[in-house]
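Below: the structure, in structure tokens.
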Amino acid sequence: MEDLDSAREGAGNAARETASGTWDAVIDVSNVCWSPQLPPVGRRRPSWERLDLVVSAWRHAHGPGARVHLVADESLMRALEDAGELRQLAAHGGITMSQVADSVILPMARDRGLHVITRDHYVDHRVEHPWIERSPGRFHGWDTVAEQVQIAPLGITPVSAQEVSLAREIKDLKRTRLDPKNQVHRRILHTRWKCGNTSCTLAASWQEQLLVWPLVSPSGEAMCPACDQPLASLGPRAQLHEVVVAVRGEEPEPEIMRFPLETDVPVIVGRGRGIKGIDLTMDPLSDRRAAAYRNAVLRVSRLHLLLRLEEISAVNWRLVAIDLDSTNGTEVERWAGTGFLPSREVGSDKETFLSARDRLVLGGAVQLRLSGRRYNAELGFPPPIPPTPVVDDLRSDATAQTTTIPRRQ
Ligand SMILES: [Zn+2]
């Protein structure tokens, strides 16, 4: 482990780190150890020897003086069959252990001008770290060719806002304790919910069904994000997309909130408590209600927009928007392949049809678009949780029209 011994010295010298221009690098150690592209090729268990192979290949390519900084997820310690060397290295400060290694690796590489050795394209970090796309030459992966480990350009390419939000969406769902890869959670995602708590403020706004993502209890029960009481099932959901609402014109796009939009369940988007729809001033799932958002959201009318998702066929769908005679109006920005066409005013009380990448601008200040994912189609449709027998005395003619029988499961 000669290379790792000098890696440790390198890490010890981190305080005197040089600027860019050298071949000093930070290594995503968990990513290396788990990589089936490294010997033993194809093995899907982590192996500590893989790190030594990558460090050797890096120094072979860029000289023995290239220093490497090691950063690993804490979970690697538990996952390795023999974590002895890792434990020793950690005890001597030769490796940084973090619950989420990405959040150490990227700022370290940015601030010290380091190369990054990983096969992770960090798509979910592109907004916070725009330098990734500006510096593709600083990202290096590996391959094993004729039993030799070789360093190769990772091939960072720009990704669209949709791809970034898709990657972030999975993390957001985790943050709210919903994981689309978890069978129990997928059932929750694909079930229509209602909060039956008569003193719940959200239940009062959304009498018919919960319009935001539910939370999940440790035992796998769907919970109301407002009152933390168990939700009642209303049966399966139809096709589901996610809408992203953000402050307009800022990069990175500051998100105000996200909510699910189900086929044939129209939703009103507006501002103020008690509206029967999505209230942009009250995101129960996050603390992102900073003052910066308030000014933008103040441009949105109380009942601003009606959104509906229409399924034309199994693979074709469209978003329909109707401006509800809002004070500051609604515009549409059409995606033209490489950018957005100039915005155009949407007449009030008329239907505007949008495709996947078009976006709406509310009051000139808040933008609204679909995120990249269709839940049912891409994840498959697990059996929904059967409806809870509840006496629903809140239902009225006015609200009944917002509920339709799902076309398919
Ligand atoms: Zn509730």
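Every position in the sequence shown, counted from 1, becomes a number in the working numbering once 793 is added. All C-beta atoms, glycine included, are put in the ideal place defined by N, C-alpha and C.
Three-state secondary structure assigned by DSSP to residue i
i: Val1159; result: strand
i: Gly887; result: coil
i: Gly1122; result: coil
i: Gln1002; result: coil
i: Gln1022; result: coil
i: Trp924; result: helix
i: Thr815; result: strand
i: Trp770; result: The structure shown does not extend to residue 770, since the chain spans only 794 to 1202, so no value can be given for it.
i: Leu1117; result: coil
i: Pro829; result: coil
i: Arg1137; result: strand
i: Gln892; result: coil
i: Pro900; result: helix
Residue i versus residue j - alpha carbon distance
i: Val920; j: Leu1161; result: 17 Å
i: Arg1081; j: Gln1032; result: Reliability fails at Arg1081, whose pLDDT of 44 lies under 50, so the model's placement of it is uncertain and no value is given.
i: Arg843; j: Glu1048; result: 39 Å
i: Val1037; j: Leu1102; result: 14 Å
i: His885; j: Ala876; result: 14 Å
i: Val1125; j: Leu1117; result: 15 Å
i: Val822; j: Leu907; result: 15 Å
i: Ile1105; j: Trp986; result: 25 Å
i: Met1016; j: Leu863; result: 40 Å
i: Phe1174; j: Ser1012; result: Because the pLDDT at Phe1174 is just 46, under 50, the model does not fix this residue reliably, and the value given afterwards should be weighed accordingly. If I take the Cα positions, the gap works out to 22 Å.
i: Glu802; j: Gly887; result: Unreliable placement is indicated for Glu802, whose pLDDT of 41 sits below 50; the coordinate value is still reported in the next sentence. The straight-line gap from Cα to Cα measures roughly 7 Å.
i: Pro1077; j: Gly1028; result: Reliability fails at Pro1077, whose pLDDT of 41 lies under 50, so the model's placement of it is uncertain and no value is given.
i: Glu1035; j: Glu874; result: 40 Å
i: Asp904; j: Leu869; result: 25 Å
i: Gly1063; j: Leu1134; result: 25 Å
i: Val1009; j: Ser1026; result: 13 Å
i: Val1108; j: His855; result: 50 Å
i: Ile1068; j: Ser953; result: 33 Å
i: Ala818; j: Ala939; result: 25 Å
i: Val758; j: Leu1155; result: It is not possible to answer for residue 758, since the shown part of the chain is limited to 794 through 1202.
i: Val1058; j: Trp1006; result: 15 Å
i: Arg1095; j: Arg1066; result: 9 Å
Same chain only: Cβ atoms within 7 Å of residue i, ignoring 5 sequence neighbours per side
i: Ala960; result: Val916 and Asp917
Cβ distance (whole Å) where residue i is taken to contact residue j below 8 Å
i: Leu1004; j: Ile1071; result: 6 Å
i: Glu1138; j: Gly1122; result: 6 Å
i: Gln955; j: Arg1150; result: 7 Å
Own chain, CB closer than 6 Å to residue i, minus 5 neighbours either side, in chain order
i: Glu1171; result: Model confidence at Glu1171 stands at a pLDDT of 46, short of 50, so the residue's coordinates are unreliable and nothing is read from them.
i: Arg871; result: none
i: His922; result: Leu899
i: Ala996; result: Cys988 and Asn990
i: Arg1051; result: Glu1035 and Val1037
i: Arg837; result: Pro829
Own chain partners of residue i with C-beta closer than 8 Å, once the 5 adjacent residues on each side are dropped
i: Val847; result: Ile820, Val825, Leu831, Ile910, Trp935, Val942 and Ile944
i: Ile925; result: Leu899, Tyr915, His918, Arg919, Phe932 and Ile949
Item to check | Stretch pair the region 928 to 942 + the region 879 to 897: three plus CB contacts closer than 8 Å | outcome: no
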